[in-house]
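Here's the structure, in C-alpha cells; my notes come after.
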Amino acid sequence: MTEPILSLCGVNKSFGPVHVLKDVNLDVHPGQVTALVGDNGAGKSTLIKCIAGIYTPDHGEFKFNGENVTITGPRDATALGIEIVYQDLALCDNLDIVHNMFLGREIKRGPILDESAMESLARKTLDSLSVRTVKSIRQTVASLSGGQRQTVAIAKAVLWNSKVVILDEPTAALGVAQTEQVLNLVRRLADNGLGVILISHNMNDVFEVADNIAALYLGTMAAQVAKNEVIPRQVIELITTGASAGVEKAGVN
Amino acid sequence: MSTTATPIEVNEPSLKNSLQDYWAKVKSGDIGSLPAVLGLIVLCGIFGVMSEFFFSNRNFANLLTQASPVIVIAMGLVFVLLLGEIDLSAGYASGVCGAVLVLLVTNHGFAWYTALPISIVCGAALGLLMGSLVSRVGIPSFVVTLSAFLAFQGILLLLAGEGGTIPIADKTILAVENSNLTPIQGWLMYLIISIAYVLSGLNRINSRRRAGLKAELLNLWILKTTSLLAITGAAVYALNQERGNPPLISTRGIPVVVPIILAILLAGTFLLGNTAFGRHLYAVGGNAEAARRAGINVKRVRTIAFVICSSLAAVAGMLFASRMNSISPSTGGSSTLLYAVGAAVIGGVSLFGGKGKMRDAILGGLVVAVIDNGMGLLGYGAGIQFMVTGAVLLVSASIDAISRRGASSN
Numbered sequence: 000m001t002e003p004i005l006s007l008c009g010v011n012k013s014f015g016p017v018h019v020l021k022d023v024n025l026d027v028h029p030g031q032v033t034a035l036v037g038d039n040g041a042g043k044s045t046l047i048k049c050i051a052g053i054y055t056p057d058h059g060e061f062k063f064n065g066e067n068v069t070i071t072g073p074r075d076a077t078a079l080g081i082e083i084v085y086q087d088l089a090l091c092d093n094l095d096i097v098h099n100m101f102l103g104r105e106i107k108r109g110p111i112l113d114e115s116a117m118e119s120l121a122r123k124t125l126d127s128l129s130v131r132t133v134k135s136i137r138q139t140v141a142s143l144s145g146g147q148r149q150t151v152a153i154a155k156a157v158l159w160n161s162k163v164v165i166l167d168e169p170t171a172a173l174g175v176a177q178t179e180q181v182l183n184l185v186r187r188l189a190d191n192g193l194g195v196i197l198i199s200h201n202m203n204d205v206f207e208v209a210d211n212i213a214a215l216y217l218g219t220m221a222a223q224v225a226k227n228e229v230i231p232r233q234v235i236e237l238i239t240t241g242a243s244a245g246v247e248k249a250g251v252n
Numbered sequence: 000m001s002t003t004a005t006p007i008e009v010n011e012p013s014l015k016n017s018l019q020d021y022w023a024k025v026k027s028g029d030i031g032s033l034p035a036v037l038g039l040i041v042l043c044g045i046f047g048v049m050s051e052f053f054f055s056n057r058n059f060a061n062l063l064t065q066a067s068p069v070i071v072i073a074m075g076l077v078f079v080l081l082l083g084e085i086d087l088s089a090g091y092a093s094g095v096c097g098a099v100l101v102l103l104v105t106n107h108g109f110a111w112y113t114a115l116p117i118s119i120v121c122g123a124a125l126g127l128l129m130g131s132l133v134s135r136v137g138i139p140s141f142v143v144t145l146s147a148f149l150a151f152q153g154i155l156l157l158l159a160g161e162g163g164t165i166p167i168a169d170k171t172i173l174a175v176e177n178s179n180l181t182p183i184q185g186w187l188m189y190l191i192i193s194i195a196y197v198l199s200g201l202n203r204i205n206s207r208r209r210a211g212l213k214a215e216l217l218n219l220w221i222l223k224t225t226s227l228l229a230i231t232g233a234a235v236y237a238l239n240q241e242r243g244n245p246p247l248i249s250t251r252g253i254p255v256v257v258p259i260i261l262a263i264l265l266a267g268t269f270l271l272g273n274t275a276f277g278r279h280l281y282a283v284g285g286n287a288e289a290a291r292r293a294g295i296n297v298k299r300v301r302t303i304a305f306v307i308c309s310s311l312a313a314v315a316g317m318l319f320a321s322r323m324n325s326i327s328p329s330t331g332g333s334s335t336l337l338y339a340v341g342a343a344v345i346g347g348v349s350l351f352g353g354k355g356k357m358r359d360a361i362l363g364g365l366v367v368a369v370i371d372n373g374m375g376l377l378g379y380g381a382g383i384q385f386m387v388t389g390a391v392l393l394v395s396a397s398i399d400a401i402s403r404r405g406a407s408s409n
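The listed protein sequences correspond, in order, to chains A and B. Quick note on numbering that gives the first Met the number 0: the first sequence kicks off at 0 and runs consecutively. Quick note on numbering that gives the first Met the number 0: the second sequence kicks off at 0 and runs consecutively.
Set out below in C-alpha cells:
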C-alpha cells in the first residue's frame with residue numbers, strides 16, 4: 000500500500016467539558032476513497048473541521064506527505080492542498096459556473112480579472128472530470144440541478160491541484176441518477192490520484208465507492224478497515240456499538 | 000484517467016443559437032434591463048403622441064439635466080442594492096455634502112476644485128460610518144440608514160440655517176447643469192468614446208477566440224454596436240441643434256452633466272464587471288456565507304459599498320447645487336431618494352441583491368424622469384405623477400420578484 004498522503008495520530012479536541020475527539024487516528028491514501036462513517040454526534044464534522052483548519056485540535060499529530068505539519072487556519076489547509084466540499088455547497092446562485100469556481104481566488108492580470116484564463120482552466124478541470132452534463136459553463140448556478148451543483152462544488156475543490164478532497168455527504172439531497180453521477184465523480188477523483196474523504200450515512204454509497212472505511216463511535220475511531228474485509232452489517236455494528244466481531248479495534252498506541 | 004472528453008459547449012455560435020440563449024436567460028429570470036428599455040420606448044411613444052413639445056430638442060436637453068442628480072444617486076445605490084442592503088439616507092447625504100460644498104465656496108472662499116473633493120470626502124466619511132455600523136456592529140442597514148436619514152436632515156437644517164438657502168455663484172459649478180459642450184466638443188467626445196467602445200469590443204471577441212473559447216457572434220456584435228452608436232449619435236445630433244432663442248440667446252450642445260454621468264458609468268461598470276471587488280460584491284449579494292467561506296472579506300466589501308454610495312451622493316449634491324444655484328434645507332429631500340431607489344429597481348437592479356448593473360440606474364432614472372417630464376407637459380399635477388411613478392415602480396418590483404420565482408422553480 001502507498002504511503003498515506005494525510006495521517007492523523009492521537010487527535011484530541013474538547014469544547015469546554017465535552018471531549019469530542021479522543022485519540023483519533025486516520026490515514027488517507029492517495030488514489031483511494033476513505034469513507035468516514037459514524038452516527039450523529041460521533042465527531043465526524045469536528046474531525047473534518049480539524050483537518051480543514053476551522054478548528055485547531057488540542058493535541059495530536061498531523062502528517063502530510065510524511066512530514067509533520069500544523070494546521071492553524073483554513074488557509075494552512077488550503078496551502079497544503081486540502082479542500083473541503085460542504086454539504087450546503089457554498090455556491091453563489093447569481094454567479095455563473097466559472098465565477099463560482101474561482102470565487103475568492105480570481106485569476107487577475109494587473110487589477111483586471113482574466114476571464115479567458117479562468118474559463119479555459121475551469122473547462123479543463125471539468126473535462127478532466129469527464130463532466131458533460133452542463134450545457135454552458137457561463138450559465139448561472141441557479142439554473143443547475145442538484146447533481147450539477149454538486150459537480151461544480153467538487154470541480155471547484157479540485158481546481159487548485161489539491162491533494163486531499165473532503166466531501167461532506169455529497170449525495171444526501173440527490174435522486175438516484177444524480178447520486179450515481181456524483182459517486183462516479185468521487186471515484187474519478189481518486190482514480191486521478193487524489194486522497195478522498197467521503198462522509199456518508201448511506202451504506203450503499205459507502206460500499207459502492209470507498210476503498211476503506213473509518214468508523215467513528217462517540218469520538219473514538221472504532222476501526223479503519225479495507226472495504227473488502229467487512230460486510231455492511233459489521234460496519235453498522237461499528238457505528239452503533241463501536242465494536243464488531245471479527246473486526247480488529249483500531250490501533251491504540 | 001482522463002477520457003477523451005467532448006467539450007462542454009458544442010453548439011456553434013449562430014444568430015439562432017444566440018437568440019435561443021438570450022431567450023433561455025430571460026426565461027430563467029435574468030431579464031436585466033429589458034422591461035426598462037421597453038417601458039422607455041412605450042412612455043416616449045405615448046408622450047410624443049400626446050404632446051408635441053415632448054420630442055423637441057429643448058425638452059430632451061431639459062430631461063437629461065432634470066434626471067441627472069437622481070441618476071447619480073441611483074448609480075451609487077446600485078452598489079448597496081447589489082448586497083441586498085438599502086441606503087435610505089442617500090438623498091439627504093447629497094444635501095449635506097452639497098451644503099458643505101456651497102458653504103466652502105460661498106462663505107469661505109474655497110475654489111471649486113478644493114471644495115468639491117472635500118465634499119466628496121465628507122460623503123465617503125458618512126458612508127464609512129454607516130457601512131461600519133452595518134457590517135461590523137451588525138445593525139440592519141434599514142435602521143442605520145433610516146436614523147441617518149433623520150440625522151442628515153438635521154445636519155442640513157443646521158448648515159443651511161433655519162429656513163435659509165445658501166446661494167452659489169461659482170461659474171464652474173453652475174456650468175455643470177446649465178451649460179453645454181460646443182457641438183464640436185460633443186462630436187469629438189462621441190467619436191473618442193465610439194472608437195474606444197468598438198476597439199474594446201473587438202479586443203474582447205478576439206482574445207476569447209485566441210483562447211479557444213466561445214466568443215460572441217461577430218454579426219450580432221456588429222448589429223448591437225451599430226444600433227447603439229446610431230441611437231447615441233442621433234442623440235448627439237439632436238442635442239447639437241439650436242434650441243435657444245437666436246439671435247438673442249443661442250443654446251446648443253450636449254449638457255456638461257452628460258460626460259460626468261458617462262464617466263461615472265464607465266468607472267462603475269469597470270469596477271463591477273472587471274475587478275475582483277466587483278465580483279465579490281455580487282458574491283456577497285448572492286450568498287454571503289459562500290463568499291465568506293471563499294475567503295472574501297465580507298465586512299470590508301459591505302463597508303466599501305456604502306462608502307461608494309455616499310460618495311456618489313456627494314456628487315449628486317454638487318449637481319443639485321448647480322441646478323438650483325443654491326442649497327436649501329429640502330435639497331435631496333422629499334421624493335429624491337425614493338425616485339433614486341425606484342430608478343435603480345425599474346432599471347433592473349434586484350432589491351434581493353446580487354443582480355444589477357450600473358447602466359440599469361441610468362435607464363431607470365430616464366424612465367422616472369420621462370414620467371415626471373411628460374406628465375408635467377400634459378398638465379397633470381404632482382398627485383397623478385406620483386401615482387403613475389408608484390405604479391411603474393410596483394410593476395418593476397413585481398417583474399423582479401416573479402422572474403426570481405421563475406428562476407428558482409426550475
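By construction, the Cβ of each residue, glycine as well, lies at the ideal position given by its N, Cα and C atoms. Bear in mind that the values here come from a model prediction, so they are computed numbers and not experimental data.
CB contact below 8 Å: residue 171 (chain A) versus chain B
Within the first sequence, numbered from 1, the residue matching residue 171 (chain A) stands at position 172. With 8 Å as the cut-off, residue 171 (chain A) does not count as an interface residue toward chain B.
Over the uninterrupted alpha helix (DSSP H) stretch that includes residue 86 (chain A), give me the two end residues.
Counting from 1 along the first sequence, the entry for residue 86 (chain A) is found at position 87. Note, residue 86 (chain A): premise wrong, no alpha helix (DSSP H); not H, not E.
Residue 269 (chain B) in three-state terms, based on DSSP
Numbered from 1 along the second sequence, position 270 holds the residue referred to as residue 269 (chain B). Residue state, collapsed to three classes: helix.
Min CB distance residue 206 (chain B) to chain A below 8 Å:
Numbered from its first residue, the second sequence carries residue 206 (chain B) at position 207. So, interface residue.
Integer Cβ distance of residue 282 (chain B) from residue 289 (chain B), believed to fall under 8 Å:
The sequence position of residue 282 (chain B) within the second sequence is 283, counting from 1. The sequence position of residue 289 (chain B) within the second sequence is 290, counting from 1. That pair is a contact at about 7 Å.
Residues from the region 90-114 of chain A in contact with chain B, defined by Cβ distance under 7 Å:
90, 91, 92, 93, 94, 98, 102, 103, 105, 107, 110, 111 and 112
Against chain A: residues of the region 166-177 of chain B by CB proximity under 7 Å
none
Can you tell which of A:97, A:177, A:222 and A:137 has its C-alpha closest to the C-alpha of residue 20 (chain B)?
Locating residue 20 (chain B) in the second sequence gives position 21, where the first residue counts as 1. Comparing Cα positions, the closest option is A:137.
Report the rounded CA-to-CA distance for residue 54 (chain A) versus residue 36 (chain A), giving the unit in angstroms.
For the purposes of this step, residue 54 (chain A) is identified with residue 55 of the first sequence, where counting begins at 1. For the purposes of this step, residue 36 (chain A) is identified with residue 37 of the first sequence, where counting begins at 1. Computed Cα separation, rounded: 20 Å.
Within 8 Å (strictly less), CB to CB, does residue 51 (chain B) reach chain D?
The question asks about chain D, but that chain is absent: this structure's protein chains are A and B.
Are the C-beta atoms of residue 207 (chain A) and some chain B residue less than 8 Å apart?
Taking the first residue of the first sequence as position 1, residue 207 (chain A) is located at position 208. Judged by the 8 Å Cβ criterion, residue 207 (chain A) is not in contact with chain B.
Against residue 13 (chain A), what residues of chain B qualify as contacts under a CB-to-CB distance less than 9 Å, listed in chain order?
Working through the first sequence from its first residue, we reach residue 13 (chain A) at position 14. Here the premise fails: no neighbours, minimum Cβ distance about 25 Å.
Do the region 178-188 of chain A and the region 197-214 of chain A meet, that is, are 3 or more Cβ pairs less than 8 Å apart?
yes
If we define contact as Cβ-Cβ less than 8 Å, is residue 119 (chain A) a contact residue for chain B?
As a working mapping, residue 119 (chain A) is identified with position 120 in the first sequence. Taking Cβ atoms only, chain B reaches closer than 8 Å to residue 119 (chain A), which makes this a yes.
Could you give the DSSP three-state label for residue 170 (chain A): helix, strand or coil?
Residue 170 (chain A) sits at position 171 when you count from the first residue of the first sequence. DSSP places residue 170 (chain A) in coil when its eight states are reduced to three.
Can you find a C-beta in chain A that's less than 8 Å from the C-beta of residue 212 (chain B)?
Residue 212 (chain B) sits at position 213 when you count from the first residue of the second sequence. For residue 212 (chain B), the answer is yes, since a Cβ of chain A falls inside 8 Å of its Cβ.
Going along the region 333-361 of chain B in order, which residues come within less than 7 Å of chain A, judged by CB to CB distance?
353 and 354
Please identify, using Cβ separations under 7 Å, the residues of the region 82-97 of chain B that lie next to chain A, in order along the chain.
none
Please report the distance separating the alpha-carbon of residue 113 (chain A) from that of residue 223 (chain B).
Indexing the first sequence from 1 puts residue 113 (chain A) at position 114. Indexing the second sequence from 1 puts residue 223 (chain B) at position 224. If you take the alpha carbons of residue 113 (chain A) and residue 223 (chain B), they lie about 24 Å apart.
Closest Cβ-Cβ distance between residue 294 (chain B) and chain A: below 8 Å?
For this step, residue 294 (chain B) is matched to residue 295 along the second sequence. So, interface residue.
Status (buried if at least 16 other CB within 10 Å, exposed otherwise) for residue 410 (chain B)
Past the edges of chain B, shown from 0 to 409, lies residue 410 (chain B), and the structure says nothing about it.
Taking 6 Å as the limit between beta carbons, can you name the residues of its chain near residue 62 (chain B), skipping five residues before and five after?
Residue numbering aside, residue 62 (chain B) sits at position 63 when the second sequence is read from its first letter. Correct list, in chain order: 368 and 372.
Looking at residue 225 (chain A): is its Cβ nearer than 8 Å to the Cβ of residue 237 (chain A)?
Within the first sequence, the letter at position 226 stands for residue 225 (chain A). Within the first sequence, the letter at position 238 stands for residue 237 (chain A). Not closer than 8 Å, so no.
Quick one: list the residues of chain A neighbouring residue 288 (chain B), beta-carbon separation under 7 Å, in chain order.
Indexing the second sequence from 1 puts residue 288 (chain B) at position 289. By Cβ distance, chain A contributes 89.
Could you compute how far the alpha carbon of residue 10 (chain A) sits from the alpha carbon of residue 29 (chain A)?
For the purposes of this step, residue 10 (chain A) is identified with residue 11 of the first sequence, where counting begins at 1. For the purposes of this step, residue 29 (chain A) is identified with residue 30 of the first sequence, where counting begins at 1. Near 21 Å, if we compare the C-alpha coordinates of residue 29 (chain A) and residue 10 (chain A).
When DSSP builds the beta bridges, which residues end up paired with residue 13 (chain A)?
Along the first sequence, one-based indexing puts residue 13 (chain A) at 14. A:18, per the DSSP bridge assignment.
Just to confirm the assignment: which complete alpha helix (DSSP H) runs, minimum length 4, are found wholly within the region 209-264 of chain B?
217-238
Can you give me the C-alpha to C-alpha distance between residue 218 (chain B) and residue 17 (chain B), rounded to a whole angstrom?
What you label residue 218 (chain B) is simply residue 219 of the second sequence in a count that begins at 1. What you label residue 17 (chain B) is simply residue 18 of the second sequence in a count that begins at 1. Note on geometry: alpha-carbon atoms of residue 218 (chain B) and residue 17 (chain B) lie some 11 Å from one another.
Determine whether the beta carbon atoms of residue 260 (chain B) and residue 70 (chain B) lie at a separation below 8 Å.
Taking the first residue of the second sequence as 1, we reach residue 260 (chain B) at position 261. Taking the first residue of the second sequence as 1, we reach residue 70 (chain B) at position 71. The answer is yes: Cβ separation under 8 Å.
Please classify residue 380 (chain B) as buried or exposed, where buried requires at least 16 other C-beta atoms within 10 Å of its C-beta.
The count along the second sequence starts at 1 and reaches residue 380 (chain B) at position 381. That one is exposed.
Locate the beta strand (DSSP E) running through residue 214 (chain A), then write down its first and last residues.
Within the first sequence, numbered from 1, the residue matching residue 214 (chain A) stands at position 215. Per DSSP, residue 214 (chain A) belongs to the beta strand (DSSP E) from 211-216.
Nearest by alpha-carbon distance to residue 319 (chain B): which of B:141, B:164 and B:31 is it?
The residue labelled residue 319 (chain B) in the question sits at position 320 within the second sequence. For the residues B:141, B:164 and B:31, the minimum Cα distance to residue 319 (chain B) belongs to B:164.
Comparing C-alpha positions only, which one of B:204, B:208, B:230 and B:234 sits nearest to residue 220 (chain B)?
In the second sequence, the residue the question calls residue 220 (chain B) occupies position 221. Closest option to residue 220 (chain B), Cα to Cα, is B:204.
With 16 other Cβ atoms within 10 Å as the buried cut-off, status of residue 92 (chain A)
As a position in the first sequence, residue 92 (chain A) is number 93, starting the count at 1. Flag for residue 92 (chain A) reads buried.
To the nearest angstrom, report how far apart residue 329 (chain B) and residue 140 (chain A) are at their CA atoms.
Counted from its first residue, the second sequence places residue 329 (chain B) at position 330. Counted from its first residue, the first sequence places residue 140 (chain A) at position 141. Roughly 45 Å separates the two Cα atoms.
Let's see if you can read the secondary structure: which residues bound the beta strand (DSSP E) around residue 223 (chain A)?
On the first sequence, position 224 is the one that residue 223 (chain A) refers to. Unbroken beta strand (DSSP E) run through residue 223 (chain A): 219-225.
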